[in-house]
Amino acid sequence: MDGFNLRNLALAVALSTSMGAAFAATSNNFVDHAAAGGIAEIETSRLALEKSQSADVKAFANMMITDHGKANDELTTIAKKNDIEVPDTTTLVKQAKEKILDMRDESFDAAYANNQVKAHEETIELFKKEANTVTDDKTKGAVELKAFAQKMLPGLEKHLDMAKKLQAAHPSK
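Read left to right, the sequence shown gives residues -24 to -1, 1 to 149 (mature numbering (1 follows the signal peptide of the UniProt record, and there is no 0)).
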């Protein structure tokens, strides 16, 4: 895989961190990072549907779009119910597309698989931290966000296992 693809994939993987940081003024860091990470998963997976010819990559990408779409909807519902500001989806999608728009086709499957492993490792770390927080019931939405993180972890770990299998099936050249 050439440096061009690696550079763009590194940008895509960094989306959850960099995009989340852009919304540091909102009232909940977990919501910011989880929303940004979910959008990044969806956008990189949409790109995989366009660029990949591999059935296993397309099937995984479809699952990411569905699962992370549902998770983002649930997160948004919890946040709004508790008056927690949610990053603007349109802005997140635009940023995600700008960062991955110029990826080229060669070695795309390997690049996507590597991206999914790294992104899910980072997301699991974020969700474990939230799931293990000691909540103060006075903090708006803290109990619900902790429960959301705990509920999502098994699915995220399943995604990581599947991404590792995809990575093994599509090794970098």
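Glycine included, every Cβ here is placed at the ideal spot set by N, Cα and C. Owing to the predicted nature of the structure, the values given are computational and were not obtained by experimental measurement.
Query                                                                                                                       : Result
Looking at Asn91: is its Cβ nearer than 8 angstroms to the Cβ of Thr42?                                                     : no
Quick check on Asn108: buried or exposed, where buried means 16 or more other Cβ atoms within 10 Å of its Cβ?               : exposed
Tell me the DSSP secondary structure of Lys149 in three-state form.                                                         : coil
Are Asp85 and His146 closer than 8 angstroms when you measure CB to CB?                                                     : yes
Using only alpha-carbon positions, find the residue among Gly117, Asp8 and Lys56 that is nearest to Thr67.                  : Asp8
Would you say Gly117 and Ile54 are within 8 angstroms of each other, going by their C-beta atoms?                           : yes
Have a look at Tyr88, Lys46, Ile18 and Glu106 and flag the residue whose alpha-carbon is nearest the alpha-carbon of Val69. : Ile18
Hey, how far is the Cα of Asn38 from the Cα of Thr115?                                                                      : 35 angstroms
With a threshold of 16 other CB atoms inside 10 Å of the CB of Pro130, please say whether the residue is buried or exposed. : exposed
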